[in-house]
Amino acid sequence: MRGPKALRQQVLTEVRLRRYFWTTAFSLTLLYLLGITLFGDMGILRYMHLNERRAAIQKEFDAVMKQKQAVADRLNSLNSDNFYAEKHARENFGMSGKDEYIFIYK
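For the record, in the sequence shown the residue sitting at position 30 is 240 according to our numbering, with numbers rising by one throughout.
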């Protein structure tokens, strides 16, 4: 026959097993969620990588916009400033004005 000590021991053992089960389940769930948060498709590491890539693309975009603005300014100068248009024609196309001679050196 079992006494109160044996029953108490059985209850304590069951409580420990339950506590161990729930602690393990909670820990594994927490570890899984932490892994997903860090390494998942939408995780923190992916976010940091995409943020760095966005910054690089933004930097490249800014450089292209500066080049575009420089070309637009040069085109505007060619269209509006006759002196600059003549200078460009002389330097790049070998053209000359009236009473000018072109010397080509090898």
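Even for Gly, the Cβ is constructed at its ideal location relative to N, Cα and C.
Since this is a predicted model, take the numbers as computed values, not measurements.
Rounded to whole angstroms, the separation of the alpha carbons of Leu288 and His298 is 8 Å. For the pair Leu240 and His259, the Cα-to-Cα distance works out to about 24 Å.
Collapsing the DSSP output to three states places Asp283 in a helix. Excluding sequence positions up to five before and after Ile254, its CB lies within less than 7 Å of the CB of Thr247 and Leu248, all in the same chain and listed in chain order. In this structure, Glu296 sits near Gly307, with a CB-CB distance shorter than 8 Å.
DSSP places Phe231 within a helical segment (H, G or I) once states are collapsed to three.
Judged by DSSP secondary structure, Phe293 falls within the alpha helix (DSSP H) whose first and last residues are Asn292 to Phe303.
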